[in-house]
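Only one structure is covered here, and it is reproduced in the block below.
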Amino acid sequence: MSGAQSDLDLRLLRYFAVVVDLGSITMAARALVMTQPALSRSMRSLERQMGVDLLVRSVRGVEPTPAGRTLYRHVTTLRAQASTAVTEVRASTAPTTLPVTVVDLGGATAAAGGGTLRH
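So in this note's numbering the end of the sequence shown lands on 139, straight run, no missing numbers.
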């Protein structure tokens, strides 16, 4: 197997996590709405990119190797970080709420209002 590459396809990491979660390439393929041969090729591609076997395949399903467990731990962290990033980015583009005072310039007295202005 060749050495690891720094430009891993994140989609393969997601597929890998589903395979480990379900313990079966066949069930994972169904969950991912793809064919089992395509998912098997994707897992072999990931193993080639990593330079190690990640899954032990048997008639009863798959289990992660020690290297696979290490990768799974990292993938779980990456997925959580990606979710947090999406949440924070979306929150950073939320409209800013600013307090506004409304003054009636047409009357003899000024009236303060408690409205808000969205920017």
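Glycine included, every Cβ here is placed at the ideal spot set by N, Cα and C.
Alpha helix (DSSP H) segment containing VAL109, residue limits: 86–112
Assuming LEU74 contacts GLU67 under a Cβ cut-off of 8 Å, what Cβ separation, rounded to an integer in Å, is found between them? 5 Å
Can you tell me the Cβ-Cβ gap for GLY33 and LEU98, rounded? I've got them flagged as a contact below 8 Å. Reading off the sequence shown, one finds Leu at residue 33, where the question assumed Gly. The pair is a contact, with the Cβ atoms about 7 Å apart (cut-off 8 Å).
How many Å lie between ARG77 and ALA49 at the Cα? 15 Å
Where do the ends of the alpha helix (DSSP H) carrying LEU118 lie? No alpha helix (DSSP H) contains LEU118, which is instead part of the beta strand (DSSP E) from 117–119.
Would VAL95 and PHE36 qualify as a contact pair, given that the criterion is a beta-carbon distance under 8 Å? yes
Within the continuous alpha helix (DSSP H) that includes SER62, where are the two ends? 56–70
VAL82 by DSSP, collapsed to three states: which one? strand
Report all residues from its chain with a CB closer than 6 Å to the CB of ARG61; omit the five preceding and five following residues, and keep chain order. none
If distances are taken between C-alpha atoms only, which option among LEU125, ALA58 and GLY43 comes closest to GLY159? It is not possible to answer for residue 159, since the shown part of the chain is limited to 21 through 139.
Backbone secondary structure at LEU74 - three-state DSSP: coil
Buried or exposed, going by whether 16 or more other CB atoms sit within 10 Å of the CB of MET63? Counting Cβ neighbours within 10 Å, MET63 comes out buried, since at least 16 surround it.
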